[in-house]
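Some notes on the structure that comes next.
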Amino acid sequence: MRRFFISLLTVAVATSLACSKPKTPGPASTGPQPFPASAIPRPADVPVPPPPIPPEPVITSGGDITSGSADSRSIAEINKNSPLKPAFFAYDSDTLDDSARKSLNENAQVLKSNATWIITIEGHCDERGTAEYNLALADRRALAAKSYLVSLGIGADRLKTVSYGKEFPFDTGHDEDSWLQNRRAHFTLTAK
Amino acid sequence: MLGRLSISIVAFGSVALAFSGPTLSGEDVTSSAIQDPAPRQQTDIVVTMLNAGSNTKVGIPDFLTGGGSPALQAAAKAMADVLEYDLNFEREFVVVSRAASASIPAAATPEALPFQRWAEIGADYVLLGTVREAGDRMPVDVRMVSVKGATAGQSAGFTYDGCAVANPRYCAHFIADDLHEKIRKVQGVARTRLAFTSDRDATQMPGRVPGAGNQGKELYISDYDGFNQQRLTANRNLNLMPKWGPDPRTLAYTSYVTGFQEIYITQLDGRPPLRPAGGNSDIHNMLPAVSPDGSKVAFASTRSTNNGHWDIWVVDLVGKNFQNLTPNTPNSTESAPTWSPSGLQLAFTSDRTGSNQIWVMNADGTGARKISAESRADRPSWSPLNYIAYTAETSAGHDIAVFDITTSVTKILTDGIGSNEGPAVAPNGRHVVFATSRWGNNQIAIVDYPDRGQIRRITQTGANMYPSWSPSPRPSGAK
């Protein structure tokens, strides 16, 4: 059964790799004509090959083969309804307050119960402030969350960080209620 | 100056300068192919135009085709319209609106122009274009004809043999740059390009929860006037903050294709981009700026710290010789580097005083000094006209500020409408491209330096951000 699963997994990985090559871009919709071919040769479509999409585990009838993880759902399913809670921040701050630490304490328990999980901590900002500044600020938020989790005994090698600045607002509104949602360290499951 | 003119401007004759370019590619025009005309006598019209203020008024009638194919006629129409835009853009000439002059009868020769009609609507000169069809080539003769006073009927002209029927816009851009250089001694930007980020083709990012805010943003390149917008990247991820290098084939940018922010440099030649900083999920790099000599790249990186604070680093393009330029401020963030035109200095941002401000330092990291005094500031761009443009925080959002290096005087360049961010200076320093929310979604727009001028909208579709202005291809044909 396990061997069967692994072979399925291999097929899944190969398929996802094969499918991950993006299409050649068409001309932009608003451009009346493309560049002359000899002016700018067709640039590389991708700077580097995109990372392989994490394979989704094959759910078998047993449903218990995801050893080391208490959660048998797929990564995508877990991320859609995640037990990992965001940590929110004050305006222009990368300091963890009591509420943020409470969320991180709970996340640490989830990570201890799912000892194979590797997660990515995304730093986010609200729309105020410049994009460049927010990329640095959001990086510090992600790292603050990571450092605290490490202090709680979670292995640093299980915690990746990335800063999305204000590129990915969770709430697209333009008031404090929205901004509060967007000033966060957000947790996504990357591998299990 | 006049000595140079005496060989580059021909008057009263049908023999004009013959250029091998422009060509279809737009980038293959070589100045070595210029044929020297026989020495000609300086004319009154040339002296007059050179000595005029910056308000010489020029009318642009439809280019003459003498019949010709529909493609040729369409190309002729396009060229006159593009020249109107290009000459208006640089503001060295005052262009009599082509709409206003549309009713004036066409003339096949300079002598046949209805001088009086043109003078009545305010023209000093008429830019009379004539195109011929020669296979896929389209030689263009352009003649500045005086229509006022004692010089009425005199003309100075140029012929552009290399124009192609298939690319009239580029031909007109080339002519505009050439006229600006020959007549006004101004380096135009009509052949430059813009790079920027847009979500217009937003596609779901792989590995992220579907929904708004999880869609990729790609890089785009367009002509300086917003035409020919074309997508450069197609990796369904975040691609941000492109910045041209010292030549129009080098573009550096920040991308998340590996799952974290990293810097890349493409030569726009189809090969994979360089990835000189070699980051990973712990070492993040962003905001690259290639040095004016093309030998190295400055960027912001967390490689020196484990507390999420950024420093300005430089590394050569093959990833050797890393150097931290800001090692003495480990608890502050230094970011957004931009080189001075000489490559001897860098401007950057630092929050070491408690708020993000613009700083300048020598290229070896010494001599740092603060130049901004805003509540916050970001994204400096160093102009060849000896100023630094940057984003200044205002009570309502942001505006583009310019710091005059000679006088240390700072002025706000934009008009406070919407939020205006992320300036990038044109290669001639006379214009600044930026992102603005004044029309709703962020769009790319251009403002003139130093007097703002008319703010021109460049993009229409989606949200567009992080513009950068390419260097000029090369001098437009003069020696």
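So the protein sequences, as listed, match chains W and B.
Note that the first sequence ends on residue 379 in the numbering used here; no numbers are left out.
Note that the second sequence ends on residue 829 in the numbering used here; no numbers are left out.
Glycine residues also receive a C-beta, built at the ideal position from the N, C-alpha and C atoms.
In this text, all values refer to a predicted model and were calculated from it rather than measured experimentally.
Only residues of its own chain outside the window of five on either side were considered, and among them A602, Y603, T604, S605, P623, L624, R625 and P638 have a CB closer than 8 angstroms to the CB of Y614 (chain B), listed in chain order. Neighbours of V349 (chain W) in chain B, taken as residues whose beta carbon is under 8 angstroms from its own, are Y606, G609, F610, Q611, S631 and H634 in chain order.
If you ignore the 5 residues before and after P356 (chain W), its C-beta comes within less than 7 angstroms of the C-beta of E314 and N369, all in its own chain and listed in chain order. A Cβ-Cβ distance of about 14 angstroms is found for the pair Y335 (chain W) and R371 (chain W), leaving them out of contact under the 8 angstroms criterion.
H634 (chain B) and Q611 (chain B) have their C-alpha atoms spaced approximately 6 angstroms apart. With respect to the C-alpha of T317 (chain W), the residue from B:F784, B:G644 and B:G812 having the closest C-alpha is B:F784. Look at K333 (chain W) here: in three-state DSSP terms it is helix. At a beta-carbon threshold of 7 angstroms, none of the residues of chain B lie near E264 (chain W); the nearest stands roughly 10 angstroms away. In the structure shown, the three-state DSSP call for I662 (chain B) is strand. For V783 (chain B), the beta-bridge partners assigned by DSSP are B:A774 and B:I796. When Cβ-Cβ separations below 9 angstroms define contact, Y320 (chain W) makes contact with chain B.
Inter-residue distance for P687 (chain B) and D326 (chain W) is about 18 angstroms (C-alpha atoms, whole angstroms). When C-alpha distances from S572 (chain B) are compared across B:T542, B:T415, B:A500 and B:L588, the shortest belongs to B:T542. Secondary structure at A449 (chain B): coil, using DSSP grouped into helix, strand and coil.
Contact of H523 (chain B) with chain W by beta-carbon distance below 8 angstroms is absent, the smallest such distance being about 12 angstroms.
By the Cβ test, the region 802–809 of chain B is not in contact with the region 580–598 of chain B, since fewer than three Cβ pairs between them sit closer than 8 angstroms. The straight-line gap separating the alpha-carbon atoms of Q296 (chain W) and A257 (chain W) is approximately 12 angstroms. Taking every protein chain shown into account, the CB of G340 (chain W) has fewer than 16 other CB atoms within 10 angstroms, so this residue is exposed. Identification of chain W residues near T652 (chain B) by a Cβ-Cβ cut-off of 7 angstroms yields D326, ordered along the chain.
Ranked by how close their Cα comes to the Cα of L529 (chain B), the residues B:F577, B:D551, B:G747 and B:R441 have B:R441 in first place. Straight-line measurement puts the Cα of N630 (chain B) at about 17 angstroms from the Cα of V668 (chain B). Residue B:R482 holds the alpha-carbon nearest to the alpha-carbon of S419 (chain B) among B:L477, B:R482 and B:A450.
Taking a beta-carbon distance threshold of 9 angstroms, A686 (chain B) counts as an interface residue toward chain W. Taken atom to atom, the span from the alpha-carbon of L346 (chain W) to that of R621 (chain B) is near 33 angstroms. Three or more pairs of CB atoms, one per stretch, sit closer than 8 angstroms, so the region 459–475 of chain B contacts the region 408–426 of chain B. A straight line joining the alpha-carbon of H373 (chain W) with that of C312 (chain W) spans about 11 angstroms. One Cα belongs to N712 (chain B), the other to G766 (chain B), and the distance between them is close to 33 angstroms.
Assigned with DSSP and collapsed to three states, A540 (chain B) falls in coil, not helix or strand. For T307 (chain W), the number of other beta carbons within 10 angstroms of its own is at least 16, and it is reported as buried. When only Cα atoms are considered, P691 (chain B) and A526 (chain B) end up about 25 angstroms apart. Contact annotation, K379 (chain W) with N301 (chain W): C-beta distance approximately 7 angstroms; criterion of less than 8 angstroms satisfied. In the DSSP secondary-structure assignment, A462 (chain B) is not bridged to any residue. Using a C-beta cut-off of 8 angstroms, the region 676–683 of chain B makes no contact with the region 723–736 of chain B, since fewer than three inter-stretch Cβ pairs fall below that distance.
One alpha carbon belongs to A697 (chain B), the other to W709 (chain B), and they sit about 6 angstroms apart.
DSSP places I262 (chain W) in the helix class (H, G or I) of the three-state scheme.
Think of a sphere of 9 angstroms around the beta carbon of E434 (chain B): no beta carbon from chain W falls inside it, the nearest being about 17 angstroms out.
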